[in-house]
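Residue 222 in the working numbering sits at position 242 of the sequence shown, with consecutive numbering throughout.
Positions of the beta carbon are idealized from the N, C-alpha and C atoms, including for glycine.
It should be emphasised that the depicted structure is a prediction, and the values quoted were computed from it without experimental measurement.
Input: a single structure, listed below in structure tokens.
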Amino acid sequence: MLEGILAALAHAEIAGIVHRDLKPENVLLAADGTGVRILPGSAIAIIIGLALAYVGGVSTGGSKGLSDVTLFSGLGLMGGGMLRDLAIIATAYGVRFQEIKKAGLRGVIALFLGVLVSFVAGAVVAIGFGYTDPVDITTIAAGAVTYIVGPVTGATLGASSEVIALSIAAGLVKSILTMIATPLTARLIGLDNPRSAMIFGGLIGTTSGVAAGLAATDARLVPYGAMTATFYTGLGILLAPTVLFLAVRAIF
């Protein structure tokens, strides 16, 4: 019977009818032939990639993961920021402009709200750990926005390298948590259409985390989430070292 279900799913996919969680390539028969198992391929790939990066770094004592191994040195280019940005831009070509217009004002509000909430949360954590200098607080808080906004803000304000490193770490933790939590909470928050994906990308903002999380949820939503997440990063870079820094300095 399950073989018939898989065949039906395959025909449905050809016809353009694809359920978010049930795709033929993500379904396997259980060992006893009585059940199916959903395999989030993107999540598995991310875990394997992180494991290989760890092994490469430990075995060579380097800091660039698997690319420190001579045989795999080309991965340093493949995983570089230039190709990452190219991949982000390329996802925009999968966006339907009609769906973007549907997000409207809610998408804009999500962008500003996402940046402000993340910044305030990061500032509270920084203050909780004893930081009182406005530059340090702003840099760490900007890292909570994304791990790109943090170092840009720190460099602009003249923060120390230790504080900039903390801001990057804060952003990376947020990105990894987003990757893991997105497919687990997608149903609960109604993350199953382009409009909600755009609002989600605007609220969370970390492009790598949003893209990976949506890929594990529904690959068709990736362009929409990545689109607003990219705007989020730009907005954070504009606001953090200027308006938000002035607000922090006025308080401290």
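- Query: Is it true that the segment 137 to 150 meets the segment 172 to 181, where meeting means three or more beta-carbon pairs spaced less than 8 Å apart?
  - Reply: Judged by Cβ distances under 8 Å, the segment 137 to 150 makes no contact with the segment 172 to 181, as fewer than three pairs qualify.
- How is the alpha helix (DSSP H) around D116 delimited, first residue to last? Boundaries of the alpha helix (DSSP H) harbouring D116: P114 to V125, taken from the DSSP string.
- When the Cα atoms are used, what is the spatial distance from S47 to S39? One alpha carbon belongs to S47, the other to S39, and they sit about 11 Å apart.
- Counted within 10 angstroms of its Cβ, other Cβ atoms place L51 as buried (16 or more) or exposed: Burial call: exposed.
- Task: Within 10 angstroms of the Cβ of Y204, are there 16 or more other Cβ atoms? Answer buried if so, exposed if not.
- Result: By the Cβ-count criterion, Y204 is buried, with 16 or more other Cβ atoms from all chains shown falling within 10 Å of its own Cβ.
- Contact the segment 174 to 190 vs the segment 205 to 219: 3+ CB pairs below 8 Å: Contact holds: three or more Cβ-Cβ distances are below 8 Å.
- Item | Residues of its chain near P131, where Cβ-Cβ distance is below 7 Å and the 5 sequence neighbours each way are ignored | Only I144, S147 and I148 meet the Cβ criterion.
- Query: Just curious, the alpha helix (DSSP H) that Y212 is in, first and last residue?
  - Reply: Per DSSP, Y212 belongs to the alpha helix (DSSP H) from V202 to L219.
- Using a Cβ-Cβ cut-off of 7 Å (strictly less than) and excluding sequence neighbours within five positions of L201, which residues of its own chain qualify? Result list for L201: P174, A177 and L194, in chain order.
- Query: Applying the criterion that 16 or more other CB atoms from any shown protein chain within 10 Å of the CB defines a buried residue, is F109 buried or exposed?
  - Reply: By the 16-neighbour rule on beta-carbons within 10 angstroms, F109 is exposed.
- Run through DSSP, which three-state label would I144 get? Looking at I144 - three-state DSSP - the assignment turns out to be helix.
- Can you tell me the Cα-Cα spacing of D198 and A166, whole angstroms? Straight-line spacing of the CA atoms in D198 and A166 works out to 10 Å.
- Assign S188 to one of three DSSP states: helix, strand, or coil. In this structure, S188 counts as helix in the three-state DSSP scheme.
- Would you decide whether A230 is buried or exposed? Buried here means 16 or more other CB atoms lie within 10 Å of its CB. Classification of A230: exposed, given that the 10 Å Cβ count is below 16.
- Taking the continuous alpha helix (DSSP H) assigned at I128, which residues delimit it? Judged by DSSP secondary structure, I128 falls outside any alpha helix (DSSP H); it is assigned neither H nor E.
- Going by CA-CA distance only, name the one from L226, A103 and L215 that's closest to A90. If you compare the alpha carbons of L226, A103 and L215 with that of A90, the shortest gap goes to L215.
- Starting from R229 and walking both ways along the alpha helix (DSSP H), at which residues does that stretch end? R229 -> alpha helix (DSSP H) spans F225 to I231.
- Task: Measure how close the beta-carbons of T294 and F225 come, nearest whole angstrom, since I'm counting them as under 8 Å.
- Result: Residue 294 falls outside the range modelled here, since the chain spans only -19 to 232, and no answer is possible.
- Message: Helix, strand or coil for K154? Go by DSSP, reduced to three states.
- Response: Shown here, K154 sits in a helix according to DSSP, grouped into three states.
- Message: Here's the rule I'm using: 16 or more other beta-carbon atoms within 10 Å means buried, otherwise exposed. How should S53 be labelled?
- Response: With fewer than 16 neighbouring CB atoms inside 10 Å of its own CB, S53 falls in the exposed class.
- Task: Could you say which of T213, A227 and V228 lies nearest to F236 if we only look at CA atoms?
- Result: The requested residue 236 does not occur in the structure, where the chain is confined to residues -19 to 232.
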